[in-house]
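Before any comments, here is the structure.
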Amino acid sequence: MEAHLQLDGNQPYNPIRDSRKNVEINVGKACNNKCVFCLDGFPSLENRRYMPLPEMKAELTRWYDDGTRSVGFLGGEPTIYPHIVESVAYARDLGYTRIAIASNVTRMARPKFADQMLEAGLTRVTISMHGHTPELEDKLTRVPGVYEKKCKAIRYLKAKQAEGYLADGVSVNIVLNGWNYRVLPKMMKFFYEDLGLDDLRINFVRPEGYAVGSSDLTPQYRDVVPILIKAIVLNERHFKQTFTFGGFPQCVLPKSLLESEYLMRKYVGEYRDLSTDCSIKSEPFMEGKDQGVSRTEGGRARFNWQDRKKYDLKGGPQACNSCTRRPVCEGVWKGYLDIYSDQEFTPFSD
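Just so we're aligned: 117 in the numbering used here is position 33 of the sequence shown, and the numbers increase by one with no gaps anywhere.
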């Protein structure tokens, strides 16, 4: 049964898309959480090693000289990188105007460390949090007590934002999976109303790492989409905050959403995300087969994230071959197709 949006979806909506070139630099894949869906669930010892500070400075300089003005630090968990404060400060001193971190923020529950990051020049924090209760968050991260630390950090960061820090915002990024998708409306209430956030992003789980082959952690789109549509309606009518989603092929979305340019531009993250290059330590699975991936002598791989998703990490179900929306749709995670095949996808012909 198709879910419908009973909304005025024809009103104009023209979000200002950030035009800054963005790069995400992976500092190493060590982490202090053990999320059940982690893409890096089994990192080698070599990939857990941190990026040396001279190499980090060289990489930041390389991208800045190429015209990039937005940088994000990724892990693993980047706040446990021994040189993270120095790296943020170096990016600021080079002239980067947007300096972000994607983090579980458990270290930032300590005000002293959070203040060091902010004073170094951090302008945005994207927080990985996937549950609205201690039971759900601790179960998903497999670290007892992590929920309280994250809540404490979020409240502190929002208070510092009110003081003038974090000009590019504080957001939460939820990996929507088989254990939490049913409570998405409750999570929205928790993050928007209880914690005072104004920016929420959900990404459909990518079945790799710990989640590979798991139908328990990877629900079918047909079960998740009605909940997603309910969330959009709630945001339009009640929360009225920034809410975006990613990882859903367009053919699984209801016609009432697809036919509204206003709603698509407002809610589909792929229409709004910064064009992002990545710099990570090269791994054996990347050798020799992926499109658009360049490698350095030091073993780092560089690629555009949007292109890598579309051409390497996501599969083209048979329906994609004749679909008229193929140019604007990234496709389906290959791990999802390994679990459910491609029978639920229907091509567009208009």
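Don't be surprised by glycine CBs; every beta carbon is placed ideally from N, CA and C. Since the model is a prediction, treat every value here as computed from it, not as a measurement.
- Runs of beta strand (DSSP E) with 3 or more residues, each lying fully within the region 196-238, are found at 208-212, listed in chain order.
- Within the model, the alpha-carbon separation for P195 versus Y240 is close to 7 angstroms.
- The closest CA to that of T326, considering only L206, V352, P310 and S154, is found on V352.
- For R104, the three-state secondary structure derived from DSSP is coil.
- At the C-beta level, V308 and L260 come within 8 angstroms of one another.
- Where I286 is concerned, there is no enclosing alpha helix (DSSP H), although the beta strand (DSSP E) around it starts and stops at D283 to F288.
- For the pair I185 and D149, the Cα-to-Cα distance works out to about 21 angstroms.
- Under DSSP, no beta-bridge partner is assigned to F323.
- Nearest to N264 by alpha-carbon distance, out of E219, E345, G229 and Q245, is E219.
- Between L158 and R208, the C-beta gap is not smaller than 8 angstroms, which leaves the two residues out of contact.
- Residue burial annotation: D434 is exposed, with fewer than 16 other C-beta atoms found within 10 angstroms of its C-beta.
- In this structure, the CA atom of A246 is about 10 angstroms from the CA atom of G253.
- According to DSSP, L137 shares a beta bridge with no other residue.
- Inter-residue distance for T190 and V230 is about 7 angstroms (C-alpha atoms, whole angstroms).
- Straight-line measurement puts the Cα of M140 at about 40 angstroms from the Cα of A315.
- Between the beta-carbon of D361 and that of N388 there is about 5 angstroms, and that keeps the pair under the 8 angstroms contact cut.
- Shortest Cα-Cα distance from I311 to any of M271, R226, N188 and G112 involves M271.
- A distance below 8 angstroms separates the beta carbons of H214 and L224.
- A residue is called buried once 16 or more other Cβ atoms fall within 10 Å of its Cβ, and T408, having fewer, is exposed.
- Residue environment for R306: exposed (fewer than 16 other C-beta atoms within 10 angstroms of its C-beta).
- Counted as a single uninterrupted DSSP element, the alpha helix (DSSP H) harbouring D422 occupies residues K418 to Y424.
- Looking at F288, D391 and F432, the one whose alpha-carbon comes closest to that of F332 is F288.
- DSSP places L158 inside the beta strand (DSSP E), whose first and last residues are S154 to L158.
- The beta carbons of K234 and I258 sit no closer together than 8 angstroms.
- Contact annotation: Q402 and D426 have beta-carbon atoms nearer than 8 angstroms.
- Counting along the chain, no alpha helix (DSSP H) covers K118, and no H or E run does either.
- With fewer than 16 other CB atoms across the displayed protein chains lying within 10 angstroms of its CB, P411 is exposed.
- With respect to the 8 angstroms criterion, I364 and P338 are not classified as neighbours on the basis of their beta carbons.
- Residue environment analysis places R266 among the exposed positions, since fewer than 16 neighbouring C-beta atoms fall within 10 angstroms of its C-beta.
- R392 has no beta-bridge partner at all, per DSSP.
- The closest CA to that of D282, considering only F429, R290 and N319, is found on N319.
- In the three-state reduction of the DSSP assignment, R384 falls in the strand class.
- The alpha-carbon of L397 is positioned some 28 angstroms away from that of P136.
- For C119, the closest C-alpha among the options W417, G160 and D391 is that of G160.
- The residue from L123, S255 and S299 with its alpha-carbon nearest to that of G262 is S299.
- By the 16-neighbour rule on beta-carbons within 10 angstroms, K324 is exposed.
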